[in-house]
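Below is one structure, written out as structure tokens, with a few remarks after it.
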Ligand SMILES: C[S@@+](CC[C@H](N)C(=O)[O-])C[C@H]1O[C@@H](n2cnc3c(N)ncnc32)[C@H](O)[C@@H]1O
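Residue numbers (the working numbering): 538 to 800.
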């Protein structure tokens with residue numbers, strides 16, 4: 538129980554927060570007590586959600602059990618210098634990736650055309666727009682209708698509508714519109730980004746940068762680099778600028794990001 542009480546996620550702001558917790562089946566009989574403890578020590582937590590599945594399907598959403606509090610789990614999450622409206626029961630969101638969003642945002646230069654594939658509630662797009670108001674344009678593409686609705690609100694709340702242009706639909710179909718137009722493509726869909734790499738390459742201008750997310754075993758990041766060589770368009774040249782751990786994913790596995798320069 539001690540471990541649980543030190544490792545749950547909290548999203549939201551001081552008006553309303555939601556705690557997201559993992560409780561093993563062994564502690565089933567203790568779950569209400571655990572939720573009570575979380576709510577009493579974190580004053581603004583209004584709901585406690587227990588993870589009951591892995592992230593699943595195209596929308597990468599997990600199932601939750603409401604262990605305590607209000608079933609309305611929509612919150613305004615404050616991160617860096619922006620606010621994200623989100624309901625974790627309806628769309629993907631990870632508060633643990635705020636640092637990674639900043640790392641990407643810091644690389645974007647004035648005038649750049651940026652494409653965020655798999656843009657969810659527009660967390661990456663807004664991080665970039667708030668960091669660099671001189672960015673050319675940020676295109677965001679997302680297939681989950683609920684995520685798109687939150688993204689629209691987030692663009693409005695953060696006053697970045699002049700910088701972020703959102704599309705609802707499948708990256709494979711929608712991105713034809715961006716072929717040859719982008720300086721940078723962000724691909725935050727780790728389990729299947731490789732099947733969209735051809736689209737990302739086509740969206741780049743003659744030179745550009747791809748931020749490619751994937752899952753790799755510890756000490757085997759080199760295998761991802763080898764695999765990439767078999768996936769890329771052989772008519773272009775590539776330089777892997779960095780390979781970084783983003784977050785632990787499973788025992789001895791990590792979500793990693795490769796920053797790939799294409800020219
Ligand atoms: C891992 S989540 C990342 C969301 C967001 N970028 C973030 O970091 O919060 C991947 C997102 O891609 C979306 N998605 C999956 N396949 C897609 C496709 N073919 N076209 C557009 N969006 C897709 C999912 O609905 C989900 O919101």
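From the three backbone atoms N, C-alpha and C, an ideal C-beta is built for every residue, glycine too.
Determine the extent of the beta strand (DSSP E) in which residue 702 is found, giving its start and end residues. Within the chain shown, numbered from 1, the residue matching residue 702 stands at position 165. 701-705 is the span of the beta strand (DSSP E), which, as asked, contains residue 702.
Would you check if the stretch 685-694 and the stretch 714-725 touch, i.e. whether three or more CB-CB distances between them fall below 8 Å? no
Sequence-distant residues of its chain with Cβ nearer than 8 Å to residue 761 (five each side left out): Indexing the chain shown from 1 puts residue 761 at position 224. Once the five neighbours on either side are set aside, the close Cβ partners of residue 761 are 751, 753, 780, 793 and 795.
Unbroken beta strand (DSSP E) run spanning residue 746, endpoints: Residue 746 sits at position 209 when you count from the first residue of the chain shown. Looking at the DSSP string, the run of the beta strand (DSSP E) that includes residue 746 is 741-754.
Please report the straight-line C-alpha distance between residue 518 and residue 679, rounded to a whole angstrom. Residue numbering for the chain in the displayed model covers 538 to 800; residue 518 lies beyond these limits and cannot be assessed.
How many angstroms separate the CA atom of residue 546 from the CA atom of residue 772? Numbered from 1 along the chain shown, position 9 holds the residue referred to as residue 546. Numbered from 1 along the chain shown, position 235 holds the residue referred to as residue 772. Roughly 44 Å separates the two Cα atoms.
What does DSSP give as the partner residue(s) for residue 723 in the beta ladder? Against the chain shown, residue 723 aligns to sequence position 186. According to DSSP, residue 723 bridges with 653 and 748.
CA nearest to the CA of residue 665, picked from 702, 549 and 598: Residue 665 sits at position 128 when you count from the first residue of the chain shown. Among 702, 549 and 598, the Cα nearest to that of residue 665 belongs to 702.
Using 8 Å as the cut-off, classify the Cβ of residue 596 as near or not near the heavy atoms of ligand 1, replying yes or no. For the purposes of this step, residue 596 is identified with residue 59 of the chain shown, where counting begins at 1. The answer is yes for residue 596.
I'd like to know whether the C-beta atoms of residue 797 and residue 749 end up nearer to each other than 9 Å. Within the chain shown, the letter at position 260 stands for residue 797. Within the chain shown, the letter at position 212 stands for residue 749. Contact: yes.
Check the C-beta distance from residue 571 over to residue 589 and give it rounded, since I have them as a contact under 8 Å. Along the chain shown, one-based indexing puts residue 571 at 34. Along the chain shown, one-based indexing puts residue 589 at 52. That belief does not hold up - the Cβ atoms of residue 571 and residue 589 are roughly 14 Å apart, past 8 Å.
Bridge partners for residue 489 per DSSP, in chain order? Outside the shown range of the chain (538 to 800) lies residue 489, about which nothing can therefore be said.
So, does the stretch 577-584 touch the stretch 605-614, judging by three or more C-beta pairs under 8 Å? yes
Beta-carbon proximity of residue 872 to residue 673, cut-off 9 Å: Nothing can be reported for residue 872: it is not among the residues displayed for the chain, which extend from 538 to 800.
Over what stretch of residues does the alpha helix (DSSP H) that includes residue 781 continue unbroken? The sequence position of residue 781 within the chain shown is 244, counting from 1. That residue, residue 781, is in no alpha helix (DSSP H); its beta strand (DSSP E) goes 775-787.
For residue 558, which three-state DSSP category applies? As a working note, residue 558 is residue 21 in the chain shown. It is a strand residue.
Report the rounded CA-to-CA distance for residue 670 versus residue 567, giving the unit in angstroms. By one-based count along the chain shown, residue 670 stands at place 133. By one-based count along the chain shown, residue 567 stands at place 30. Distance between the alpha carbons of residue 670 and residue 567: 49 Å.
Based on the DSSP secondary-structure assignment, which residues constitute the bridge partners of residue 799? For the purposes of this step, residue 799 is identified with residue 262 of the chain shown, where counting begins at 1. Answer by DSSP bridge pairing, in chain order: 745 and 775.
How is residue 592 classed by DSSP in three states: helix, strand or coil? Locating residue 592 in the chain shown gives position 55, where the first residue counts as 1. The answer is coil: DSSP assigns residue 592 none of H, G, I, E or B.
I think residue 731 touches residue 768, with their Cβ atoms under 8 Å apart; what is that distance to the nearest whole Å? Looking up residue 731 in the chain shown gives position 194. Looking up residue 768 in the chain shown gives position 231. That belief holds up - the Cβ atoms of residue 731 and residue 768 are roughly 6 Å apart, short of 8 Å.
Name the one or two DSSP bridge partners that residue 670 has. To locate residue 670, count along the chain shown from 1; it is residue 133. Residue 670 pairs with nothing; no bridge assigned.
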